[in-house]
Each structure stands twice: as C-alpha cells, then as structure tokens.
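Asks: In full-length UniProt numbering, the protein residues as written are 1 to 95. Below is one structure. I have some questions about it.
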Amino acid sequence: MRSSDEIIVPGHPRWLEFASRLNRARFCFGTTEQARSALAGMADVNVEGSLHALARLGGTCDCQIELDVVHSPAGVGAEGKQRAAPPRIAHAPQH
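What follows is the structure, encoded as structure tokens:
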C-alpha cells in the first residue's frame with residue numbers, strides 16, 4: 001500500500017464509482033467481501049482503510065454498507081438526490 005492510496009467514504013469524489021460497483025452485488029453473506037472486491041477494482045484505493053472507515057459508519061457487511069452507508073444522508077448528494085442506484089442487495093439464505 002502506498003501512502004497516496006485513497007480512503008473511499010461518502011463525500012469522496014470516487015464515492016459514486018464505489019457505490020455503483022457495490023450495487024452489482026446480489027446477496028450479502030455477512031462479510032465485506034463484495035465491498036472489498038469493488039474497492040480492489042479501483043486504482044489507488046486503500047482497501048483495508050476504506051473498509052475500516054465504512055465499518056465505523058455502520059457498514060459491517062455488504063448489505064449494511066449498501067443500506068446504512070450508501071443510502072444514508074451522507075451518501076446523498078447536496079441537492080438531496082440519491083447519488084447511487086436504489087439498493088438491491090439481499091441477505092443470502094444463510095445470513
């Protein structure tokens with residue numbers, strides 16, 4: 001990890017890119033593996049630092065990141081409009 005790697009949280013210029021990548025997930029398995037994969041696919045991102053910051057905001061698994069962080073007031077644009085597609089991630093049967 002380089003010191004220039006970015007922490008992706010609401011308000012970051014690349015937040016919508018992350019939210020769009022995570023929105024492709026279909027199920028939550030009680031982990032952050034899909035969020036980790038979305039972040040890892042973005043250049044110059046501190047994946048672990050971003051996941052830690054998202055957990056502090058309530059995103060302790062993929063669906064909590066989607067529902068509690070992406071679609072929280074912090075994840076909404078200044079005009080009050082959603083900046084990401086509506087949530088569609090669902091709990092997997094074992095979650």
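Even glycine gets a Cβ: it sits at the ideal position worked out from N, Cα and C.
1) What three-state label does DSSP hand F18 in the structure shown?
2) Within 10 Å of its beta-carbon, does G58 have 16 or more other beta-carbons around it, so buried, or fewer, so exposed?
3) What is the DSSP secondary structure of C61, reduced to helix, strand or coil?
4) Consult DSSP for V9 and reduce its assignment to one of helix, strand or coil.
5) Kindly identify the DSSP beta-bridge partner or partners of V45.
6) If contacts are defined as beta-carbon pairs under 8 Å, then F18 and L39 qualify, I think. What distance do you get, rounded to the angstrom?
7) Quick check: the Cα distance between D62 and T31, rounded to an integer number of angstroms?
8) Taking the alpha-carbon positions, what's the L67 to I7 distance?
9) If you compare alpha carbons, which of D5, Q34, H12 and R14 is closest to I65?
Replies: Well, looking at it:
1) Note: F18 maps to helix in three-state DSSP.
2) A residue is called buried when at least 16 other Cβ atoms come within 10 angstroms of its Cβ; G58 does not meet this threshold and is exposed.
3) In the structure shown, C61 sits in coil (DSSP, three-state: anything other than H, G, I, E or B).
4) In the structure shown, the three-state DSSP call for V9 is coil.
5) Secondary-structure assignment with DSSP links V45 through a beta bridge to E6.
6) The beta-carbon distance between F18 and L39, rounded to whole angstroms, is 6 Å. This is short enough to meet the 8 Å contact definition.
7) Using only the alpha carbons, I get a separation of about 6 Å.
8) For L67 and I7, the distance between alpha carbons rounds to 19 Å.
9) Of the listed residues, the one whose Cα sits closest to I65 is Q34.
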